[in-house]
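Everything on this sheet refers to the single structure shown next.
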Amino acid sequence: MARIIVALALLGGAAAQLTIDAVNPKVVEAEYAVRGKILDRAGEIERDMAENPDKWPFKEIVRCNIGNPQALGQAPPAFARAVLSQVVLPKSKGSKQVKERADAYRAALRGGVGAYSDSQGVSLVREEVAKFISDRDGYPASPADIFLTDGASAGVRHLTQLLVSGPQDGVLAPAPQYPLYSATTTLFDGTLGSYYLDEAADWAAPVQELKKAYDDVVEKGATPKLLVIINPGNPTGASLPRASLEAIVRFVEERPGLVLAADEVYQENVYGDAPPFISFKKIVRDLDSKIPLVSFHSISKGFTGECGLRGGYFELTNIDTAVKAQLTKLASVSLCSNTMGQVAVGLMVNPPTSGPELKAYEKEKKEKLASLERRANKVAAALDALEGVSCVRPQGAMYLFPSITLPDAAVKAAKRSSMAPDAFYALRLLEGTGLVTVPGSGFGQKNGTWHFRTTFLPAEKQIDNVVQKLAGFHESFLAKYGGGGEL
Ligand SMILES: Cc1ncc(COP(=O)(O)O)c(C=O)c1O
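In mature numbering (1 follows the signal peptide of the UniProt record, and there is no 0), the protein residues as written are -16 to -1, 1 to 471.
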């Protein structure tokens, strides 16, 4: 007995020896605000609500912090799920078209979804992606230049790892920015340069800002290697016009050694009279440009919303074969991306082509996108109408990023709590309404401005309630802190 106790004590001691000091400091330093402190607090509140349901002035936590449509009630894509079911379980029911597609994927998977695929991904799906791209852009695309990935995030990580190995390597990313890019740059110890998007011009990406960020990184002693453009934007929702895309390509052309990373995961999410989506691949080909380009797409967004299946791809344009071989090696180290996600990519880019399946698919797509647009406009108009809040009209993606003018007393109260003022606002919003948003400081923003990001993804029947909660909270926040008095 005594021996067992001694052994357990030793084991306990060994576990305690792994302290935070031993952790890679770059992991500790990296920040990812969309799943940060506000979400942690939401989890705490949710657990408390289970035991003390009457303690909180709301009945549920609504997660508007992340573009995760199915978590907020969006139905999965019907045809894609029918085919996926048959790929996994060939005996399940399905139409002739469903069966044919499932049979083709199963044959291509050689051993089914439980077998590793090639490192770059199943060739049938890469062929489907290449056809989708060439139909979209009017220029050829090759399956050999496509890599299937566990969502766009995994592709971004591969590309960053390929190019960034220390502070001498720079990454230029927008501010505000989806923090995948700052986090990945930190993880690989690179130097981040931020170019500021212009809120007064629908969150445009001005070339003079790109130049400033480029020069800043050079001044810090680093070589800018990667320019990240998110179009349509997250968190801004901006859809960049053609002239802007062309100017960006020219900017890269003038700076040999810079690779353009085009994050185009929201290409299906463009609303109203916003500039239509045009891929950087098309612009590069239209201009007969030779700039190296890596373009990302994902099944997580659009109207597919299959975030949890983790599927995506990137396409290489004007990339040397020796460089491509290194990317293939990186993909090989993880063996392959998950096979269900690969099939889901094929189904996103190659939807049903005929019959009732096509009709149902078109209806589903139209309705989901129209609903997203209605919700975007409704939440944006309601926010814009609030005192001290200004919201750029929604153009694309799944987010609104209103700027908020916070009363001095609120800024002081935030300081006393050692919080950024917009984090203080987002925390009070959560604790008063159950709505989870992300403070603008998690994305980067111009000094002295405050924002928060919210998705407009809650279901249509819930959205009026969300809008009312936002407005009610904002008014009470102003009433509490706005009179100039410090509370
Ligand atoms: C701009 C942007 N890029 C990439 C991603 C990651 O997407 P995935 O789920 O494909 O990894 C997101 C997710 O929200 C995003 O907003």
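A virtual CB, placed ideally from N, CA and C, is assigned to each residue, including glycine.
**Asked** Under 8 angstroms, do Q161 and F427 count as touching if we go by C-beta distance?
**Response** Yes, the pair counts as a contact, with Cβ atoms nearer than the cut-off.
**Prompt:** Do the CB positions of L277 and L244 come within less than 8 angstroms of each other?
**Reply:** Less than 8 angstroms separates the beta-carbon of L277 from that of L244.
**Message:** Considering Cα atoms alone, identify which of E30, A365, V155 and A128 is closest to R141.
**Reply:** Nearest C-alpha to R141: V155.
**Message:** Give me the DSSP bridge partner(s) of P208.
**Reply:** Answer is G154, bridged to P208.
**Those runs of the beta strand (DSSP E) which lie wholly inside the segment 260 to 329 and span at least 3 residues** = Look at the segment 260 to 329 and you find these whole runs of beta strand (DSSP E), each 3 residues long or longer: 277 to 282 and 296 to 301.
**Request:** Return the Cβ separation of E44 and G418 in integer angstroms, given the expectation that the two are a contact with Cβ distance under 8 angstroms.
**Result:** Rounded, the Cβ-Cβ distance is 6 angstroms, consistent with contact.
**Request:** For the beta strand (DSSP E) holding V243, just list the boundary residues, first then last.
**Result:** Start and end: V243 to D247.
**Request:** Could you have a look at V106 and say whether DSSP puts it in helix, strand or coil?
**Result:** Under the three-state reduction of DSSP output, V106 falls in the coil class, being neither helix nor strand.
**Prompt:** What number of angstroms, rounded off, separates the C-alpha of L413 from the C-alpha of F436?
**Reply:** Roughly 11 angstroms separates the two Cα atoms.
**Request:** Any chance you could list the residues with Cβ under 6 angstroms from a heavy atom of ligand 1, keeping chain order?
**Result:** For ligand 1, residues qualifying as neighbours are G51, G135, A136, S137, Y162, L164, I214, N218, D247, V249, S282, S284, C291 and G296, where qualification means a beta carbon closer than 6 angstroms to at least one of its heavy atoms (chain order).
**Message:** Output needed for Q70: all residues of its chain with C-beta closer than 7 angstroms, excluding positions within five of it in sequence on either side, in chain order.
**Reply:** Around Q70: S76, G78, V82, K83 and A86.
**Message:** According to DSSP, T144 sits in a beta bridge with which residue or residues?
**Reply:** Answer by DSSP bridge pairing: none, since T144 is not bridged.
**Prompt:** In angstroms, rounded to a whole number, what distance separates the CA positions of L211 and E35?
**Reply:** Roughly 48 angstroms separates the two Cα atoms.
**Asked** Thinking just about the alpha-carbon of each residue, which of K430, K266, A443 and H281 is nearest to the one in A354?
**Response** Nearest of K430, K266, A443 and H281 to A354, Cα basis: A443.
**Request:** Starting from S178, trace the beta strand (DSSP E) both ways and give me its first and last residue.
**Result:** In the DSSP assignment, S178 falls within the unbroken beta strand (DSSP E) covering T175 to Y180.
**Prompt:** Which whole-angstrom value is the C-beta distance of Q251 and H281, which I expect to be below 8 angstroms?
**Reply:** Their Cβ separation, rounded to whole angstroms, is 7 angstroms, which keeps Q251 and H281 in contact under 8 angstroms.
**Request:** May I ask you to report which of helix, strand or coil DSSP gives P387?
**Result:** The residue asked about is misnamed: residue 387 is Ser in this sequence, not Pro. Three-state DSSP puts S387 in a strand.
**Request:** Could you tell me the distance, in whole angstroms, from the CA atom of E470 to the CA atom of V395?
**Result:** Note that E470 has pLDDT 42, beneath the 50 cutoff, so the model's placement of it is unreliable and no number is given.
**Under 8 angstroms between C-beta atoms of A128 and V106** = Against a cut-off of 8 angstroms, the Cβ pair of V106 and A128 comes out as no contact.
**Asked** Anyone know if the C-beta pair for K209 and L164 falls short of 8 angstroms?
**Response** For K209 and L164, no; Cβs fall outside 8 angstroms.
**Asked** Buried or exposed: which applies to G256, given that a residue is buried once 16 or more other Cβ atoms fall within 10 Å of its Cβ?
**Response** With a 10 Å radius around the Cβ and a threshold of 16 neighbouring Cβ atoms, G256 comes out exposed.
**Prompt:** Are there 16 or more other CB atoms within 10 angstroms of the CB of P340, so buried, or fewer, so exposed?
**Reply:** Exposed.
**Message:** Can you tell me whether residue 479 is buried or exposed? The criterion is at least 16 other CB atoms within 10 Å of its CB, across all chains shown.
**Reply:** Residue 479 cannot be examined here, being either before or after the span of the chain that is shown, -16 to 471.
**Request:** Whole angstroms is fine: what's the gap from S460's alpha carbon to T288's?
**Result:** Those two C-alpha atoms are separated by around 37 angstroms.
**Segments assigned beta strand (DSSP E), at least 3 residues, entirely inside the segment 374 to 448** = Within the segment 374 to 448, the runs of beta strand (DSSP E) that reach at least 3 residues and sit entirely inside it are, in chain order, 436 to 439.
**Message:** Is it buried or exposed, S273, if we count other Cβ atoms within 10 angstroms and call 16 or more buried?
**Reply:** The residue is buried, with at least 16 neighbouring Cβ atoms inside 10 Å.
**Asked** Rounded C-beta distance between Y383 and T433? I'm assuming under 8 angstroms.
**Response** Not a contact, Cβ separation roughly 17 angstroms.
**Message:** My output table needs one value for residue 536: the three-state DSSP class, helix, strand or coil.
**Reply:** The structure shown does not extend to residue 536, since the chain is modelled only from -16 through 471, so no value can be given for it.
**Message:** For T323 and S101, which I take to be in contact (beta-carbon distance under 8 angstroms), what is that distance rounded to the nearest angstrom?
**Reply:** Right, their Cβ atoms sit about 6 angstroms apart.
**Message:** Tell me which residues share the same chain as R110 and place their Cβ nearer than 6 angstroms to its Cβ, disregarding the 5 neighbours each side in the sequence.
**Reply:** A distance below 6 angstroms between beta-carbons, with the five flanking residues on each side excluded, links R110 to the following residues of its chain, in chain order: P127 and I130.
**Prompt:** What are the partner residues of R47, as DSSP defines its beta bridges?
**Reply:** Answer is V420.
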